[in-house]
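Engineer:
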């Protein structure tokens with residue numbers, strides 16, 4: 003009997019040990035792994051790269067066990083140029099919260115996490131996921147943006163015209179044929195004026211991007227826009243549609259400035275084909291090819307200037323057309339010391355207002371008596387046509403950014 007009781011006691015003890023041992027074993031065998039990885043409501047842990055991620059998304063990474071922050075490193079970069087984005091990382095228990103700075107729209111990003119370890123010392127292999135933000139591609143550095151979607155307001159900042167600064171503007175079909183999505187200019191007196199515009203061009207690095215379509219019933223050249231004409235920046239399309247040019251004021255040494263043209267006619271030359279020594283590239287379009295781009299056609303125009311390399315580049319529809327390098331200017335030329343763009347207008351000649359539709363705003367007196375340059379002459383070179391998606395960046399867009407922006411807006 004005593005043996006039976008002892009046997010039962012031993013059996014009970016063994017059973018208890020098995021149960022306790024089983025519980026500890028279950029806890030120990032919980033695998034350290036990712037439970038979920040979300041950017042807002044978008045799953046980043048799927049088999050393919052996620053899309054339509056909000057540009058302000060907060061990324062949350064949940065693990066099966068508590069995370070050791072020691073050695074944990076998180077990076078976020080744009081795929082197309084490897085530009086790094088700042089991120090704030092917060093770890094609470096099993097959850098890692100990653101808050102990026104505002105991301106660009108329509109852009110692919112690479113999220114990388116290294117040093118992933120549980121508080122128990124278990125390591126995971128490094129994690130890498132890609133995703134694309136929602137919307138069309140827009141590079142960083144945007145300082146002003148006029149989409150002209152039924153209004154002349156700046157959607158990126160506060161460069162808005164007042165009611166009195168908008169004259170004879172209507173809104174017609176854009177480059178995609180959507181009604182009311184592009185500003186239309188009548189070629190006689192249409193103008194939009196924006197005050198305080200020197201802040202738009204006083205910069206080391208610069209890019210201007212816009213879509214333009216001329217109306218060839220106009221009998222003169224087209225002053226598409228201007229900020230104090232060559233005292234700031236202007237763009238004009240020649241009356242014969244066989245070329246166009248930017249005239250831009252640049253900052254030199256000793257607080258001086260100087261104007262320079264990005265001249266792009268048909269049969270353009272570079273420094274190897276008879277052109278100026280500073281013109282390091284020119285795509286030579288025939289007159290017919292140039293006219294096809296500039297006459298009655300939606301054209302995407304981009305001009306960039308890099309104050310570090312001292313190089314300006316012109317693009318049509320995402321393709322490089324012409325470039326110059328101030329480092330190649332003649333020895334002793336002051337423009338070899340260019341540092342960026344700078345507004346140099348002085349009243350009453352010109353006024354510090356960006357004018358869409360003319361070479362300068364109505365407040366300036368320069369060329370007032372000239373039939374081609376006076377605003378009050380209906381036969382002057384008023385712009386007749388449409389403008390769309392007008393952007394200014396304080397950044398020299400790379401060729402890849404230009405290509406991506408063009409494809410996105412196209």
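Residue numbers (our numbering): 3 to 412. We treat Cβ as the ideally placed atom computed from N, Cα and C, and that holds for glycine.
1) DSSP state of residue 368, grouped into three classes?
2) Can you tell me whether residue 308 is buried or exposed? The criterion is at least 16 other CB atoms within 10 Å of its CB, across all chains shown.
3) Residue 86 bridges to which residues according to DSSP?
4) Using a threshold of 8 Å, state whether the C-beta atoms of residue 72 and residue 108 are closer than that.
5) Measuring straight from C-alpha to C-alpha, what distance separates residue 366 and residue 198?
6) Using alpha carbons as the reference points, say which of 394, 302 and 339 lies closest to residue 177.
7) Nearest CA to the CA of residue 285: which residue from 261, 305 and 317?
8) How many angstroms separate the CA atom of residue 351 from the CA atom of residue 364?
9) Report yes or no: do three or more beta-carbon pairs, one from the segment 97-114 and one from the segment 369-381, lie closer than 8 Å?
10) Which residues does DSSP pair with residue 253 in a beta bridge?
11) Inspect the CB distances between the segment 192-209 and the segment 321-340 and report whether three or more fall short of 8 Å.
12) What do you get for residue 166, buried or exposed, if any count of 16 or more other CB atoms within 10 angstroms of its CB means buried?
13) Would residue 386 pass as a contact of residue 187 if the rule is Cβ separation under 8 Å?
14) Does DSSP put residue 328 in a helix, a strand or coil?
15) Distance cutoff 8 Å, beta carbons only. Does residue 89 sit that close to anything in chain D?
16) Excluding the 5 residues preceding and the 5 following residue 24 in the sequence, name in chain order all residues of the same chain whose CB lies nearer than 7 Å to its CB.
17) Given a cut-off of 8 Å, decide if residue 173 and residue 158 are closer than it, judged by their beta-carbon atoms.
18) Specify the secondary structure class of residue 383 as computed by DSSP and reduced to three states.
19) Distance, Cα to Cα, residue 27 vs residue 105?
20) Can you tell me which residues form a DSSP beta bridge with residue 185?
21) Looking only at its own chain, which residues have a Cβ that is under 8 Å from the Cβ of residue 273, when we skip the five neighbours before and after it?
22) I need the DSSP call for residue 411, collapsed to helix, strand or coil.
23) Helix, strand or coil for residue 269 per DSSP?
24) Measure the CB-CB distance between residue 215 and residue 320 and report whether it falls below 8 Å.
25) For residue 1, name the three-state secondary structure that DSSP assigns.
26) List the residues that DSSP assigns as beta-bridge partners of residue 64.
27) For the alpha helix (DSSP H) containing residue 336, list its first residue and its last residue.
28) Among residues of its own chain, excluding the 5 on either side of residue 114, which ones have a beta-carbon nearer than 6 Å to its beta-carbon?
29) Mind checking which residues open and close the alpha helix (DSSP H) that includes residue 289?
30) Tell me whether residue 383 is buried or exposed, calling it buried when 16 or more other Cβ atoms sit within 10 Å of its Cβ.
31) Quick one: Cα of residue 360 to Cα of residue 91, how far?
32) Looking at C-alpha atoms only, which residue of 64, 60 and 230 is the closest neighbour of residue 349?
33) My assumption, with CB atoms under 8 Å, is that residue 42 sits in contact with residue 59. Please give the rounded CB distance.
34) Would you kindly report the start and end of the unbroken beta strand (DSSP E) that includes residue 193?
35) Just verifying my parser: in three-state terms, what is the DSSP assignment at residue 25?
36) For residue 68 versus residue 121, is the C-beta spacing smaller than 8 Å?
Structural biologist: By the coordinates alone:
1) Within the chain shown, numbered from 1, the residue matching residue 368 stands at position 366. Here residue 368 sits in coil by DSSP.
2) Numbered from 1 along the chain shown, position 306 holds the residue referred to as residue 308. Per the 10 Å Cβ criterion, buried.
3) Position 84 of the chain shown, counted from the start, is the residue given in the question as residue 86. BP columns for residue 86 point to 79.
4) Here residue 72 refers to the residue found at position 70 when the chain shown is read from its first residue. Here residue 108 refers to the residue found at position 106 when the chain shown is read from its first residue. Cβ distance not < 8 Å, so residue 72 and residue 108 don't count as in contact.
5) To locate residue 366, count along the chain shown from 1; it is residue 364. To locate residue 198, count along the chain shown from 1; it is residue 196. Residue 366 and residue 198: Cα-Cα distance of roughly 14 Å.
6) Translated into the one-based positions of the chain shown, residue 177 becomes position 175. The shortest C-alpha separation from residue 177 is found at 302.
7) Within the chain shown, residue 285 is the residue found at index 283, counting from 1. Checking every option, the nearest Cα to that of residue 285 belongs to 317.
8) As a position in the chain shown, residue 351 is number 349, starting the count at 1. As a position in the chain shown, residue 364 is number 362, starting the count at 1. Distance between the alpha carbons of residue 351 and residue 364 is about 11 Å.
9) Fewer than three pairs of CB atoms, one per stretch, sit closer than 8 Å, so the segment 97-114 makes no contact with the segment 369-381.
10) The sequence position of residue 253 within the chain shown is 251, counting from 1. DSSP output for residue 253 lists 259 and 342 as bridge partner(s).
11) Result no; under three Cβ-Cβ pairs closer than 8 Å.
12) Counting from one through the chain shown, the residue named residue 166 turns up at place 164. It counts as exposed.
13) Translated into the one-based positions of the chain shown, residue 386 becomes position 384. Translated into the one-based positions of the chain shown, residue 187 becomes position 185. Result yes, Cβ atoms of residue 386 and residue 187 sit closer than 8 Å.
14) For the purposes of this step, residue 328 is taken as residue 326 along the chain shown, with counting starting at 1. Helix, per DSSP.
15) Given the protein chain composition of this structure (a single chain), no chain D is represented.
16) The count along the chain shown starts at 1 and reaches residue 24 at position 22. Because the pLDDT of residue 24 is 44, which lies under 50, any placement of that residue in the model is unreliable, and the number read from its coordinates should be weighed accordingly. Exclusion of the five residues before and after residue 24 leaves no residue of its chain whose Cβ lies closer than 7 Å to its Cβ.
17) On the chain shown, residue 158 is found 156 positions in, with the first residue counted as 1. On the chain shown, residue 173 is found 171 positions in, with the first residue counted as 1. No, these two residues do not count as a Cβ contact at 8 Å.
18) Reading the chain shown from its first residue, position 381 is the one you call residue 383. Coil at residue 383, not helix or strand.
19) Your numbering for residue 27 matches position 25 in the chain shown. Your numbering for residue 105 matches position 103 in the chain shown. Low confidence applies here, because residue 27 scores a pLDDT of 49, under 50, leaving its location unreliable; read the following figure in that light. Roughly 45 Å separates the two Cα atoms.
20) Against the chain shown, residue 185 aligns to sequence position 183. DSSP, once it has assigned bridges, lists 173 and 389 as partnering residue 185.
21) The residue labelled residue 273 in the question sits at position 271 within the chain shown. Contacts found: 279, 280, 281, 282 and 330.
22) As a first step, residue 411 is located in the chain shown; it is residue number 409 there, counting from the start. DSSP places residue 411 in helix when its eight states are reduced to three.
23) Residue numbering aside, residue 269 sits at position 267 when the chain shown is read from its first letter. It is coil, neither helix nor strand.
24) By one-based count along the chain shown, residue 215 stands at place 213. By one-based count along the chain shown, residue 320 stands at place 318. Contact flag unset, no.
25) Absent from the model: residue 1. The displayed extent of the chain is 3 to 412, so no value can be given.
26) Here residue 64 refers to the residue found at position 62 of the chain shown. Answer is 38 and 97, bridged to residue 64.
27) For the purposes of this step, residue 336 is identified with residue 334 of the chain shown, where counting begins at 1. For residue 336, no alpha helix (DSSP H) run applies, since DSSP gives it neither H nor E.
28) Taking the chain shown and counting its residues from 1, the one referred to as residue 114 is at position 112. So the qualifying residues of the chain are 77 and 130.
29) Sequence index remark: in the chain shown, residue 289 carries index 287 (1-based). First-last of the alpha helix (DSSP H) with residue 289: 289-296.
30) Counted from its first residue, the chain shown places residue 383 at position 381. By the neighbour-count criterion, in which 16 or more other beta carbons inside 10 Å mark a residue as buried, residue 383 falls on the buried side.
31) The residue given as residue 360 occupies position 358 in the chain shown. The residue given as residue 91 occupies position 89 in the chain shown. Separation of residue 360 and residue 91 (C-alpha to C-alpha, rounded to the nearest whole angstrom) is 50 Å.
32) Position 347 of the chain shown, counted from the first residue, corresponds to residue 349. Taking only the C-alpha atoms, the option nearest residue 349 is 230.
33) Mapped onto the chain shown, residue 42 falls at position 40. Mapped onto the chain shown, residue 59 falls at position 57. At roughly 4 Å, the Cβ-Cβ gap stays under 8 Å, so residue 42 and residue 59 are in contact.
34) Locating residue 193 in the chain shown gives position 191, where the first residue counts as 1. 193-197 is the extent of the beta strand (DSSP E) around residue 193.
35) Locating residue 25 in the chain shown gives position 23, counting from the first residue. Its pLDDT being 44, under 50, residue 25 is placed unreliably by the model, and nothing is read from it.
36) In the chain shown, the residue the question calls residue 68 occupies position 66. In the chain shown, the residue the question calls residue 121 occupies position 119. Cβ atoms of residue 68 and residue 121: closer than 8 Å.
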